[in-house]
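Worksheet: the structure to be examined is printed underneath.
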Amino acid sequence: MGCVQSFRELCDRQKNTNVRLSLPAVCIVWQTAMIILFGVFIRYNEESDAHWIEHRKAKNISSDIENDFYFRYPSFQDVHVMIFVGFGFLMTFLKRYSFGAVGFNFLIAAFGLQWALLMQGWFHSLDYTDGKIKIGIENLINADFCVAGCLIAYGAVLGKVSPVQLLVLTLFGITLFAVEEYIILNLIHARDAGGSMVIHTFGGYYGLAISWMLYRPNLDQSSRLQGSVYHSDVFAMIGTLFLWMFWPSFNSAITDHGDGQHRAAINTYLALASTVLTTMAVSSLFQKHGKLDMVHIQNSTLAGGVAVGTAAEFMLMPYGSLIVGFCCGIVSTLGYIYLTPFMEKHLKIQDTCGIHNLHAMPGVIGGIVGAITAAAATESVYGPEGLINTFDFVGDFKDMVPTQQGGHQAAGICVAICFGVGGGIIVGCILRLPIWGDPADDNCFDDEPYWEERQYQSHFTVMCSLP
Amino acid sequence: MGCVQSFRELCDRQKNTNVRLSLPAVCIVWQTAMIILFGVFIRYNEESDAHWIEHRKAKNISSDIENDFYFRYPSFQDVHVMIFVGFGFLMTFLKRYSFGAVGFNFLIAAFGLQWALLMQGWFHSLDYTDGKIKIGIENLINADFCVAGCLIAYGAVLGKVSPVQLLVLTLFGITLFAVEEYIILNLIHARDAGGSMVIHTFGGYYGLAISWMLYRPNLDQSSRLQGSVYHSDVFAMIGTLFLWMFWPSFNSAITDHGDGQHRAAINTYLALASTVLTTMAVSSLFQKHGKLDMVHIQNSTLAGGVAVGTAAEFMLMPYGSLIVGFCCGIVSTLGYIYLTPFMEKHLKIQDTCGIHNLHAMPGVIGGIVGAITAAAATESVYGPEGLINTFDFVGDFKDMVPTQQGGHQAAGICVAICFGVGGGIIVGCILRLPIWGDPADDNCFDDEPYWEERQYQSHFTVMCSLP
Amino acid sequence: MGCVQSFRELCDRQKNTNVRLSLPAVCIVWQTAMIILFGVFIRYNEESDAHWIEHRKAKNISSDIENDFYFRYPSFQDVHVMIFVGFGFLMTFLKRYSFGAVGFNFLIAAFGLQWALLMQGWFHSLDYTDGKIKIGIENLINADFCVAGCLIAYGAVLGKVSPVQLLVLTLFGITLFAVEEYIILNLIHARDAGGSMVIHTFGGYYGLAISWMLYRPNLDQSSRLQGSVYHSDVFAMIGTLFLWMFWPSFNSAITDHGDGQHRAAINTYLALASTVLTTMAVSSLFQKHGKLDMVHIQNSTLAGGVAVGTAAEFMLMPYGSLIVGFCCGIVSTLGYIYLTPFMEKHLKIQDTCGIHNLHAMPGVIGGIVGAITAAAATESVYGPEGLINTFDFVGDFKDMVPTQQGGHQAAGICVAICFGVGGGIIVGCILRLPIWGDPADDNCFDDEPYWEERQYQSHFTVMCSLP
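What follows is the structure, encoded as C-alpha cells:
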C-alpha cells in the first residue's frame with residue numbers, strides 16, 4: 001500500500017492535475033466572449049420576438065398554435081434530456097467516475113451549445129438585411145445536436161483527460177461540426193434528419209482519432225478503476241433508457257412538419273425495438289454460460305436509433321426500420337466483443353465507452369441506409385409533392401432526381417469521416433501539449449483529481465478494495 | 001459458507017439456468033418473423049405517409065398542426081417513459097435484482113410492442129381496401145399500453161422466472177390482451193381510456209394466475225435476497241415518481257381530442273394526489289411506531305391512477321376523482337399489510353411486487369367506478385353532443401343510453417377478469433415445462449444466473465453479508 | 001458506542017418522534033376536507049368540460065388543437081417532473097436522508113397542490129355567475145408553482161423537522177403564497193412569469209425565517225450524518241439535471257401563447273447555460289487544489305433559471321440572459337462558500353440545502369432584472385401591440401407606461417420578501433410548539449425516526465462507520 005502511495009505521489013509530481021487557474025480562466029474568458037458575440041450577433045427570430053403578433057396578422061396566420069414552438073418544443077425537451085441525462089448517466093458506469101461523467105458532460109454541453117448557436121447561426125440563420133442571427137426553437141435543437149457530437153467524442157476519452165482538455169476538444173469540435181454540417185447539408189444537399197452522418201459518424205471518428213493521439217501505453221495499471229460496480233451499472237441504465245425512449249424525438253425534432261415528424265418517430269421507435277432483441281441474443285450467445293453482459297445492454301440497444309437517423313424521414317417502411325435495427329444490434333454487440341479489444345491492442349485506440357460500436361459504425365451504416373433509401377425513392381411511393389417535400393428538391397436543386405440524391409448522401413458519409421478523423425488528429429496533437437492538467441495513468445478513471453472529496457473517500461476506498 | 005456453496009451447486013445441477021441457446025434462438029427467430037410480418041402487413045397511415053401533403057389538401061385540412069402527431073406525441077413520450085423507466089425502476093427495489101428488473105423489463109417491452117402492433121392492428125387498424133395495417137402515433141401508444149399488461153404480470157413473478165419464460169409470458173399475454181381488448185371495446189362497446197379493466201385488471205390477474213401455477217413452496221430459503229437495500233429503495237422511487245407524474249398522460253393519451261384529453265389529465269392528477277395522502281396515513285397508522293413503509297409509498301401511491309383509468313374521460317368531477325383516490329390509497333395499502341401475506345400463505349400465490357394491490361384490485365375498482373359514472377351520465381351534465389361524443393353513441397350504438405352503457409362497462413370487467421385468470425392458468429401450465437431454464441429456489445431474486453458478473457460480485461456479497 | 005446509544009435513548013425519551021396518530025389524523029381529516037371543498041367549489045372550465053364541443057362551435061374555434069391543453073400540457077408535465085423528481089432528488093444528497101427527501105417532498109406536494117387549487121382558484125378562477133372555481137390545465141400548472149414555494153422552504157429545514165411539521169408549513173405556506181401572489185400580480189400588476197419574486201423570493205425567505213425560529217444550537221452533534229456519500233451525490237444530480245433541463249418549461253409554462261412562451265424558453269435556456277460555466281469557474285477557483293465541489297454543481301448551476309424568471313417573457317435579449325446567468329453563477333457559488341457558514345454561525349440560520357444561495361438571492365436578483373427590463377421597454381423593441389400584450393396594459397392598467405411598470409415590479413419584490421419573512425416567523429412560532437413530533441438533535445438528518453427500517457439498517461451503519 002505504501003508502495004502504491006509513493007508511486008502515485010511520484011506521478012502527481014510529474015503530472016500536475018491542478019486546474020485552479022486554467023479552468024476558471026477558460027470558463028470566464030469564454031463566457032465573456034460569448035456575451036459580447038451574442039450582443040453583437042444574436043436576436044430573436046420573428047416567432048420568438050414580441051413583434052410576432054403583428055407578424056402573425058401580416059402573414060395571415062390564423063392562430064398562435066402555428067408558431068414553430070408548438071411543433072418542436074416537446075421534441076426539443078426530449079433531446080435536451082438525452083444530452084444532459086442520457087449522455088451524462090450513460091457514462092456513469094465506471095465505479096469511481098460518476099462525478100466526472102455527469103459533471104463534465106454538463107460542463108461540455110453548457111459550454112458547447114452557446115458556441116454552436118453562433119457557429120450554426122452564421123451558416124444557417126443569418127439575416128442578411130441586418131447581419132444578425134435570428135434564433136428560435138429550431139436553433140436550440142440544432143445547438144443540442146451539435147453538442148451531441150462532442151459528447152460522443154468525450155465517450156472515447158472518458159476518464160483520461162482533464163476538464164480543460166474537454167473544453168478545448170469541444171471548442172474545436174463544435175467549429176468543425178458546423179463547417180462539416182454546412183458542407184453536407186447545404187453544399188452537397190444531403191439529407192440527415194437524425195444526424196447519422198453529421199452527428200454520429202463525425203463525433204465517433206473525431207473521438208477515436210483523439211483517443212488514438214492520446215494513447216496511453218501503460219493504462220492497464222489503472223485497471224483497478226476501469227470497471228463498474230453494481231449500482232454504477234444501474235445508474236448507467238438511467239442514461240441508456242432515456243436515450244432509448246427519446247430517440248424518436250431526436251430523429252424527428254427537425255424534420256418537416258406533419259408527416260415528416262410523424263414518420264421519423266415511427267421509424268425510430270421500430271428500429272430501436274428490433275435492436276434490443278438482437279443485442280440480447282448476441283450478448284447471450286457469445287458468453288460461455290449464456291449470461292447477458294450489462295455493457296451490451298447499456299450501449300448496443302441504442303445502435304438502431306443511430307443507424308436509422310438519416311433515413312428516418314424517408315419512406316423506409318416499418319419493416320425497413322426493423323431490418324436496420326436487427327443488423328445494428330448484431331454489429332454493435334459483436335463490436336464490443338471483438339473489435340474494441342482488437343482496437344486497443346493493435347490499433348492503439350483506447351475507447352472507454354465503445355463509441356466505435358455505438359456511434360461510428362452505426363452512423364456509417366445509417367449513412368449507407370440513407371443513401372440506398374434515397375436512391376430508391378419513387379414518385380409512386382412518395383407522391384409527386386411528397387417527393388419534392390421530403391428531399392427538398394427546390395431552388396438550386398429542383399432538377400435533382402432520387403438516384404442523384406443517393407450519390408449525394410454517399411458523399412456526405414465521406415465528408416463526415418474525413419472531418420472526424422482529420423479534425424481529431426489535429427485536435428489530438430493540440431491536446432498532447434503538457435499544459436492542460438491531464439491525469440497520470442494511475443489517476444485515470446478516478447474522480448479524485450478534479451473533484452473535492454468530502455468524508456466519503458476513505459469509505460469508498462474500503463468498499464472497493466474489499467476482497 | 002462451504003455448505004451453502006455445495007447446496008447451491010446441487011441446485012444448479014438440478015436446474016439448468018443456461019439460456020445460451022434458447023434465449024438467442026427465440027429472439028432471432030421472433031425478430032425475423034416480425035420483419036416478415038411487418039413487410040407483409042404494416043404500412044404508414046395517411047398522417048405519417050409522404051402523401052400527407054396531398055391528403056391534407058384533399059381533405060381541406062388547414063395546417064400541419066392538425067396532424068394527430070401533435071395531439072398525441074407528448075403523451076406518447078410520457079407513456080413510453082412509464083413503460084421503460086417507470087415499470088423498470090419500480091421493480092429495482094430488490095437488493096440484488098436490479099439488472100433483471102430493468103433489463104428484462106426492457107426486453108419484454110421491446111419484444112411485446114412489435115407483436116402488439118400486429119395483433120392490435122389486425123383488430124383495429126386494418127385497411128380492407130388493401131389488407132394492410134396502417135399505423136400512426138395512436139398505434140404506438142396502444143402498443144405501449146398492450147405491453148403494460150405483460151409488465152404488470154412480470155411484477156408477480158419478478159425474480160422467479162427466466163428471460164425465456166418471460167418471452168413466452170409476453171407472447172401469449174399480448175395475444176390474449178388484443179382479443180380481450182377487442183371484445184371489451186368493440187363488441188361490448190365499453191369505454192376504457194386509461195385501461196383500468198383492459199390493462200390493469202387483465203394484467204393483474206394474468207400475472208397472479210401464472211404466479212399461482214408456478215408456486216414455489218420452499219421459496220423462503222432464498223429470503224436472504226428477497227428484500228431491499230437502502231439505495232435499491234431509492235432507485236425504485238425513480239420508477240414510482242415517473243409513473244406517478246406521467247399517469248395523467250397515460251389516461252389521456254388516447255382519449256378524444258380537446259376536452260377529452262384535457263379532462264382525463266385533470267381527473268388523474270387529482271386522484272393521484274389524494275391517494276398519496278391516504279397511503280401515507282394508512283402506512284403510518286398500521287406500524288407500531290407510526291413509521292412509514294417504503295413499500296407502500298413506492299406502490300400504493302399509484303393506485304389512484306389505476307382506479308381512475310376508465311372514468312377519467314367521463315364527467316367524474318374533480319371531487320369524484322379525489323374520492324376515488326382516497327379509497328384506493330386505503331385499500332391498496334391495507335392490501336400490502338394484510339392481503340399479500342394471506343395470499344402467499346393460504347392461496348399459494350407469491351406476488352413479488354404486490355400487483356394485486358397496485359393493479360388488480362384498483363383495476364376492478366376502476367371498472368366499477370366507470371360503470372357507475374357511465375350509468376349516471378345525463379344530457380344536462382354532458383350536453384347533447386358531449387354525451388354522444390364522450391360515449392361514442394354512433395353507428396351501431398347510436399340508440400344506446402347511459403344506463404345501458406353502465407351495464408356494458410360492468411360486463412367489460414368480467415371479461416377482463418376471465419381472460420386474466422383463464423389465460424394465466426393456461427400460460428402457467430406451459431411455463432411449468434422444465435425446458436425454460438428457470439432458476440432454483442435458492443437462485444431466485446438474484447441477478448447471478450442470467451447476468452455476467454464482472455469484478456463486483458464478491459464485493460457485493462461481502463456488503464450484503466455484513467452483520 | 002454504548003455511550004452514544006444511551007445518549008440517543010435519552011434524547012428519544014425527551015423527544016417523541018412517534019407520529020402514528022398525528023400524521024394519519026392530519027392526512028385523513030385534510031383529505032376529507034378537500035373532498036368536501038372540491039365538491040362545493042370546483043368544476044371543469046369550458047375547455048375541459050364535455051360542453052367544449054358546443055362551446056367550440058359557438059365561439060367559432062376552428063379546431064380542437066386550439067384547446068389550451070395543447071398549448072400548455074407539455075410544459076405542465078415538465079414542471080410536474082421538476083416538482084416531484086427535481087426537488088425530491090436534489091435533496092437526496094444527504095447520506096442517510098434519501099427517503100425523507102423524496103418521500104416527504106412527495107407528501108408535501110400532493111398535499112399542497114389540492115389546497116393551492118382552491119386558494120388560487122378563489123383569487124383567480126372564480127366564476128361569479130355560479131360561485132364555482134373553473135379549472136383547466138393552467139390551474140394545474142399554477143398549483144404546482146404554488147407547491148414549489150413550500151418545497152423551497154423545506155430545503156432550509158431538511159432533516160430537522162417531522163412530517164407533521166411539514167404539513168403545517170405547507171398549509172400556511174400555500175395560504176400565504178396565494179395572498180401574496182394575488183397582491184403582486186393583480187393589485188400591484190407586476191409581471192412574474194417564472195416566479196422569481198412570487199415563488200423563489202417568497203419561498204426562500206419563508207424557509208429561512210422558519211429555520212431561524214427553529215434554530216438548534218447543538219446541531220453539530222449530528223454532523224456525522226450531515227454530509228453525503230458517493231452515490232447520494234449521484235442521486236442528487238438526477239434532481240439537478242431535471243430541474244436544469246426543464247427550467248425553460250417552468251418559466252414559459254404560463255406565459256402568453258405564441259412568442260411569449262417561445263421567448264421565455266429561449267431566455268431561460270441561455271441563462272442556465274451561462275450559469276454552469278461561471279459556477280464551475282468559481283467552484284474551482286476557491287478550492288485549494290482547484291477541485292470542483294459537488295454541492296456547487298448540484299445547486300448553483302440552477303441559479304440562472306431562478307434569476308431570469310421574471311424577465312423571461314420580456315425582450316431581455318439573448319445576451320441579456322447570458323449576463324444574468326453569468327452573475328448568478330458567481331453570486332450563488334460565493335454564497336455557498338462564504339454566506340452559508342456565516343449565516344449559520346452569526347445569524348443562527350441553519351440552511352441545510354443552501355436555499356438562500358439557490359432561491360432567495362437569485363430570486364431578488366431576478367426581481368431587479370425584471371424591474372429594469374420592464375422600465376427600459378420601448379415600443380420600437382416590442383412593437384405597439386407587442387408592448388401592450390407583453391405587459392398586459394389593458395383594462396384598469398391601459399394607461400400604464402413601462403417606467404411605471406418598472407416601479408410596480410420593484411414593489412413586488414418588497415411584498416414577496418415581507419410575506420416570506422413575516423409569514424415564516426409566525427409559522428416558525430407555531431412549529432416550535434412541542435406537539436409536532438420533531439426529532440432530537442442527534443436524530444436529525446436520519447431516516448430512522450420516520451421510516452420503517454427493514455433488514456438494511458445494520459448493514460448501512462457498518463458502511464458508514466468504516467474508517
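Chains as they are written, first to last, in UniProt numbering: chain U, 1 to 467; chain B, 1 to 467; chain E, 1 to 467. Positions of the beta carbon are idealized from the N, C-alpha and C atoms, including for glycine. Just so you know, these numbers come straight off a predicted model, no measurement behind them.
Residue i at chain B interface by Cβ criterion, 7 Å
i	result
E/V161	no
U/L140	no
U/H459	Because the pLDDT of U/H459 is 41, which lies under 50, any placement of that residue in the model is unreliable, and the number read from its coordinates should be weighed accordingly. False, the Cβ-Cβ gap to chain B never drops below 7 Å.
U/A109	no
Exposure label - residue i; buried when at least 16 CB within 10 Å
i	result
E/I417	buried
U/Y338	exposed
B/V276	buried
E/N139	buried
B/K160	buried
B/G260	buried
U/A33	exposed
B/K95	buried
U/G86	buried
U/D220	exposed
U/S232	buried
B/F342	exposed
Of the listed residues the options, nearest to residue i (C-alpha basis)
i	options	result
U/K132	U/N45, U/T201 and U/S162	U/N45
E/N299	E/G320, E/E313, E/L243 and E/I323	E/L243
U/I355	U/P74, U/S332 and U/K345	U/S332
U/L225	U/T352, U/Y215, U/G121 and U/T278	U/T352
B/L166	B/T175, B/A193, B/F177 and B/A153	B/A153
U/V164	U/D127, U/I108, U/R263 and U/M343	U/I108
U/D144	U/A307, U/Y128, U/D392 and U/F111	U/F111
E/I425	E/Y206, E/I266 and E/R56	E/Y206
U/E379	B/Y336, B/E54 and B/G194	B/E54
B/H262	B/I323, B/A193, B/M294 and B/V295	B/A193
CB contact check: residue i to chain U, cutoff 7 Å
i	result
B/Q31	yes
E/A311	no
CB contact below 7 Å: residue i versus chain E
i	result
U/V229	no
B/F342	no
U/G2	Because the pLDDT at U/G2 is just 49, under 50, the model does not fix this residue reliably, and the point stays unresolved.
For this session: Taking 8 Å as the threshold, find out whether the stretch 377 to 388 of chain B comes into contact with the stretch 426 to 445 of chain B through three or more Cβ pairs.
Result: The stretch 377 to 388 of chain B vs the stretch 426 to 445 of chain B: no contact.
Exercise. Between the stretch 235 to 255 of chain E and chain A, which residues of the former have CB atoms less than 9 Å from a CB of the latter, in chain order?
Worked result: Here chain A cannot be found, since the structure's protein chains are U, B and E.
For this session: Taking 8 Å as the threshold, find out whether the stretch 402 to 410 of chain E comes into contact with the stretch 362 to 379 of chain E through three or more Cβ pairs.
Result: Short answer: they touch.
For this session: Quick one: which unbroken beta strand (DSSP E) runs of 3-plus residues sit fully inside the stretch 219 to 298 of chain E? Chain order, please.
Result: The qualifying runs do not exist here; there are none.
Exercise. Going along the chain, which unbroken runs of the beta strand (DSSP E) with 3 or more residues stay wholly within the stretch 3 to 84 of chain U?
Worked result: Those beta strand (DSSP E) runs which fall completely within the stretch 3 to 84 of chain U and span 3+ residues are 42 to 44.
For this session: Flag this pair as touching only if the stretch 99 to 109 of chain U and the stretch 248 to 268 of chain U have three or more C-beta atom pairs under 8 Å; answer yes or no.
Result: Flag = no, the stretch 99 to 109 of chain U and the stretch 248 to 268 of chain U do not touch.
Exercise. Does the pairing of the stretch 296 to 315 of chain E with the stretch 264 to 280 of chain E give three or more beta-carbon distances under 8 Å?
Worked result: Short answer: they touch.
Problem set entry | In chain order, each alpha helix (DSSP H) run of at least 4 residues that lies wholly inside the stretch 359 to 416 of chain U | Whole alpha helix (DSSP H) segments, 4+ residues: 361 to 375, 379 to 382 and 384 to 391.
Exercise. Which full runs of the alpha helix (DSSP H) of 4+ residues lie inside the stretch 115 to 164 of chain B, going along the chain?
Worked result: Secondary structure within the stretch 115 to 164 of chain B: the alpha helix (DSSP H) runs of 4 or more consecutive residues, fully enclosed, are 137 to 157 (chain order).
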